Structures are given as C-alpha cells and as structure tokens.
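Numbering (my numbering), first residue to last: 1 to 364.
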Amino acid sequence: LTSLSGVLMDYGQQMQRGFELGLEYATNGTMAVAGRPIEVIWEDTTTVPEVARERAIVLLDEDQVDILVGPTSSADAFAILGLAEEYQKVLMLEPAAADFLTSGVSNRYVFRSARNTAQDSNAMAAVMINNVPNAKVSVLAPDSAFGRAYVTPFVAALEEKGGSVLTQEFPPADATDFTPYIQRIINSDPDYVFVIWAGANNPWRQLSEMGVLENFRVSTGAPEIAALRTMFELEGQSGFTVYYNEVAQNPVNDWLVKEHTARYDMVPDIFTSGGMAAAMAIVTALEKTDGDTDAEALIQTLRGMEFDSPTGKRWFRPEDHQAQQSLFEIKFVTKEGYDHIVPELVRVIPAEEVSDPVQTTHAR
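Pasting the structure below:
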C-alpha cells in the first residue's frame, strides 16, 4: 500500500522502486524464500485515508495477502493499523513516520522498518549538542500537524541532552512572508536556529535576506533531492539526514546506487532506501521462519531481529516494534555538476543517540 497518486506520489514511487530492488537483492534475484515464490500486489492509497483502508481490506479479504507493507502517509497508516489486528496479519510500516504509530495506538501486529519523527528530533538535537554543548535554540516550523509533530519531540530531546529552546515560531503552513517570525528569532539571539519546513513556500530566501544564515548556525533535516534543489542558501550550514546516496557507505547502498542508476537513470532517494530496507527486513524474517508466513511466527521472529539496509544495520525494538538505526550528521555543500545542495557526511549518529523512549509495550 503506497501513494502511487496524490500529493505524496513521488514518495510512493520511490518506495515502490526501493521495495522491488530490495526483494531482488535480499533473494539474490530468485524472488523466492525457502522455495516459496514472492508475489507483490500493489494498491494505490491515493494519499486518502479512507481509500487506504478500502484498498487494505481488498488485499486482506480478496487477495489473502500474508503481509501488508506501507503506506506513505501517516494518516493512511493510522487508518489501517486496526486492520492488522483484526485480520491478524503483520503490517510493516514504511515510510510513514509519525511517532504515535508505534505508541499506544499501535498493536502487536505492527512493525516499523522506517525511522520516526521522534528519532529525527533526537538526531537534530544530537547534532546541535555535539557542536555547542548546552545549545540554546529557536525553532521555525509550520503551524500544522507536520510542524508540531516535529517540534514537540525535538524540545524534549534537546532538553534531555542539556540544551534549551528560546522561542518557537509557527507561521501558517501557506505563509509567504516570514518577517515577524524571523525577527523574533533574531531577537532571541540563539546558538542555533532549527528550521522544519516542507513545500515550495519555504523560508530559506527570507532567512538569507534577513541575515540569519550569515549570522547564526542554522540546522535542518536534509529532505529528498527535489527539495534540496530549493536550499542552496544553506551552504556551509549543518543538519542531519535519514539517507543520501553519497552519505551512506556500505555494500548494500553501493549495490542500490549502481542498480537504481542503471535502471532509472537517476540516483536513489530517501524513500527508495526505505522501501529497500522494508523488503530486506521481510526477507530476513521469512528466511528465519523457513518461509512460514503465520503471523505469530513472524512476530516472534521480528521482535529484536537485526536486518541489513542501505543505511547499515537496523533492529526491531522488542517492546514497541520500532526499528532502531543510525542517522547521519551532515554539512550542506555545493558541488560542481550537482543541481542541488549536497549533504556531506560529518559523522554517523549512532542509534543510541537517535533512539526515542518506549511509549508502549505489546502483549507477548
């Protein structure tokens, strides 16, 4: 289940390509595990929760699938969580990132191979504290569920690591003039400005014009390549990334970059990496169960299971089934021949610095 149309179509298509490549890699091209061929059935959620639920029911009722994977949107994911329990089938979340999906609203059939927003927040706080101990930070984020879902765990993560938040500014998500919000941030005189934004109406130009990018440390998460094309003003600034094709350095990613470039004439992106990780987790589990797709066998196998991915080793935390993984501290640089700002690796942020608190424990 993924967004093959709608506002998140690009993310869904990335995930689809990554998942198919991941199955190929993990099965050595056989597309089978323990003598059982793998059949993949794709359904488009259209990035509408009601549609996601309808399509999931078709997969479970009519197609009799063994495992559900996806979706792209956290709202779509929330709409189908209960179906996993109702039908007693494992749901592998990827790339839906809202941290509540593996908290109290979840159930024992739900696993997430992706990172979540709380882990993103921990990574960002780790970058800041690693460079400025006890950093004082001001935040600029859209006044939306997306923006506040990032800010709330970031504040907790920063304070836990010894930092503090001076001001939180929430312009409307469709804002085009950020002047009063940016001015209040300037007046707060922070060590860091943390910017969370998604969309074409981004604040980077105005942050540059008002001197913030010249006079303050500014950090953000490195998004997909399309968004990196709008962020040249960030040259020299720091941040973190979940994945960038040149940052992850391991044999799995080497294979992914080579094969994806050969087949699609472009490098893989963030959600391509995530789709591949989900496929590799599923194949790893099926190898361990000798092809048994019974949900109870899979649950017991997946809990605590380590699996490989384009960003390195990951493992499912037994208590809440959230994947634990490393993320990457990066610096934004310009490179000749690139049509976007480039995330350059500074250090691997170990999983221990990224890990979010356990919020629920599923019954064994």
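Quick reminder that beta carbons are idealized off the backbone N, C-alpha and C, glycines included. The model shown is predicted, which means the values in this text are computed figures rather than measured ones.
- With contact defined as three or more Cβ pairs closer than 8 angstroms, the stretch 281–294 and the stretch 222–232 are not in contact.
- Non-local beta-carbon contacts of Val267 in its own chain, meaning distances under 7 angstroms to residues more than five positions away in sequence, involve Asn245, Val257, His260, Thr261 in chain order.
- Here the alpha carbon of Val65 sits roughly 42 angstroms from the alpha carbon of Pro172.
- Contact annotation: the stretch 37–48 does not touch the stretch 83–102, with fewer than three C-beta pairs closer than 8 angstroms.
- In the three-state DSSP reduction, Ser219 falls in the strand class (E or B).
- Contact between the stretch 57–72 and the stretch 135–153 is absent: fewer than 3 CB-CB pairs across the two stretches fall below 8 angstroms.
- DSSP places Ile349 inside the beta strand (DSSP E), whose first and last residues are 342–349.
- Between Ala277 and Ser113, the CB-CB gap stays under 7 angstroms.
- A distance below 8 angstroms between beta-carbons, with the five flanking residues on each side excluded, links Ala248 to the following residues of its chain, in chain order: Ser273, Pro310, Thr311, Gly312, Phe328.
- In this structure Phe170 touches Ala141 by the C-beta definition: roughly 6 angstroms separates them, less than 8 angstroms.
- For Glu86, the enclosing alpha helix (DSSP H) has its first and last residue at 74–87.
- It is roughly 13 angstroms from the alpha-carbon of Asn253 to the alpha-carbon of Ala26.
- A Cβ-Cβ contact shorter than 7 angstroms links Ser3 with Thr45.
- Gly70 and Ile185 have their C-alpha atoms some 38 angstroms from each other.
- Take Glu319, set aside five residues on each side of it, and the residues of its chain with a beta-carbon closer than 8 angstroms to its own are Val358, Thr360, Thr361, His362, in chain order.
- Leu68 is bridged by DSSP to Leu91.
- CA-CA distance, Pro343 to Val333, rounds to 6 angstroms.
- One Cα belongs to Met280, the other to Ala77, and the distance between them is close to 20 angstroms.
- At the C-beta level, Phe232 and Ile341 come within 7 angstroms of one another.
- Annotation for Lys331: the continuous beta strand (DSSP E) segment containing it runs 327–333.
- Sequence-distant Cβ neighbours of Met210 in its own chain, meaning closer than 6 angstroms and more than five residues away, are Ile182.
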